[in-house]
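Just below is one structure, and these are the notes that go with it.
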Amino acid sequence: MPSVPVITSTATVNVTFGGAITHQITATQNPSKFSATNLPIGLTINATTGLITGTPIVDGIFIAKVAASNAGGTANQSLTIVVASTAPQITSAALVYARAGTLFSYRITAKNLPRTHGATPLPAGLTLNATSGYITGVPTLVGNATITLSASNTAGTATQPLLISIVPPLPVITSSATSSAIVGAAYSYQVTATQTPTKFMAAGLPSGLSINTSTGLITGRALSAGTRAITVSVLSQGGTSLQNHTLFVAAP
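The numbering of the sequence shown is my numbering, which starts it at 1186 and goes up by one.
Here is the structure:
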């Protein structure tokens, strides 16, 4: 019966995060099988040759246990694998848009396993989760905000400017979504909305009715009876909002 193997390969391996590793387990007495436990994620061992290969996807210090076996028994050895950090590289967008009064979410993303994130100065209403890198909240002030993003790990810190362009809120149409008219009778309906509208429109008005695009007042005399589906549009500095309006026109 052969003697128990003796592992002769080094007990320490150093690699940089993101770099490939090739480490050969060697032993005396012609081992026929190799194994390794507690390897960093991304590494594997060839049980026949004893070759450890792969690219670690986590950094840190890992104490693996390697073994070499033959008919005479098994030899074990602790193998320290040191995966050093690489400084982050921020990959998230450098320009984003937000709307005042509306929920906003943006994530700082970076290569090379950042451990903490930073963002200063944040606009009013927004906060940062330093662990996940998410910036969330409801911005309250309109305008452009220039922020310095950062992503850090044990190897260093990366920074990048971020411009958040905060636009005004959309208008909210506050007038009723229904109205009634009588054929031939004078009709008047006022479209109202928040955010100081600059223009009003109405598509699908029956013949005889029209809208004042500056004031939002719909007036006239409907020429025929029926139920009309009208699309009311309101434009403000923050954008355009729509409302489906139903007009019931009765016979006289």
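A virtual CB, placed ideally from N, CA and C, is assigned to each residue, including glycine. Values in this document were obtained by computation on a predicted structure and should not be read as measured data.
Which first and last residues belong to the beta strand (DSSP E) in which V1323 is found?
The residue given as residue 1323 occupies position 138 in the sequence shown. No beta strand (DSSP E) holds V1323; DSSP gives it neither H nor E.
Q) Can you tell me the Cα-Cα spacing of A1260 and I1266, whole angstroms? A) Taking the sequence shown and counting its residues from 1, the one referred to as residue 1260 is at position 75. Taking the sequence shown and counting its residues from 1, the one referred to as residue 1266 is at position 81. Looking at the two C-alpha atoms, the distance is approximately 19 angstroms.
Checklist line | Three or more C-beta pairs below 8 angstroms linking the stretch 1235–1250 and the stretch 1199–1210 | finding: Three or more Cβ pairs closer than 8 angstroms define a contact, and the stretch 1235–1250 meets that threshold against the stretch 1199–1210.
Review point. Does any residue of chain D bring its CB to less than 8 angstroms from the CB of T1344?
Key: Absent from the structure is chain D; it holds one protein chain and no more.
Give the DSSP-derived three-state secondary structure of Q1345 in the structure shown.
-> Here residue 1345 refers to the residue found at position 160 when the sequence shown is read from its first residue. In this structure, Q1345 counts as strand in the three-state DSSP scheme.
Taking the DSSP output, what are the residues bridged to R1284? Translated into positions along the sequence shown, residue 1284 becomes position 99. V1352, per the DSSP bridge assignment.
Original post:
Exposed or buried, A1291, counting other C-beta atoms within 10 Å across all chains shown (16 or more means buried)?
Top reply: Here the question's residue 1291 lines up with position 106 in the sequence shown. In the sequence as presented, Ala is not what sits at residue 1291; that position holds Tyr. Classification for Y1291: buried.
- With DSSP collapsed to three states, give me the class of F1131. Any property of residue 1131 remains undetermined from this structure, which presents the chain solely from 1186 to 1437.
Task: Three-pair Cβ contact test at 8 angstroms for the stretch 1372–1392 versus the stretch 1415–1429 - done: Remark: three or more beta-carbon pairs, one from each stretch, lie closer than 8 angstroms, so the stretch 1372–1392 and the stretch 1415–1429 are flagged as touching.
Nearest-angstrom Cβ-Cβ length linking V1198 and I1226, presumed shorter than 8 angstroms
Looking up residue 1198 in the sequence shown gives position 13. Looking up residue 1226 in the sequence shown gives position 41. Not confirmed; about 15 angstroms, so no contact.
Would you grab the beta carbon distance between A1304 and T1276 for me? Rounded to a whole angstrom, and I think it's under 8 angstroms.
-> The count along the sequence shown starts at 1 and reaches residue 1304 at position 119. The count along the sequence shown starts at 1 and reaches residue 1276 at position 91. Not a contact, Cβ separation roughly 15 angstroms.
**Study point:** Straight-line Cα distance separating Y1319 from I1230
**Key:** Within the sequence shown, the letter at position 45 stands for residue 1230. Within the sequence shown, the letter at position 134 stands for residue 1319. Those two C-alpha atoms are separated by around 37 angstroms.
From this set, P1346, A1315, N1338 and Y1282, which residue's C-alpha is nearest P1354's C-alpha? The sequence position of residue 1354 within the sequence shown is 169, counting from 1. The residue with the shortest Cα to Cα distance from P1354 is Y1282.
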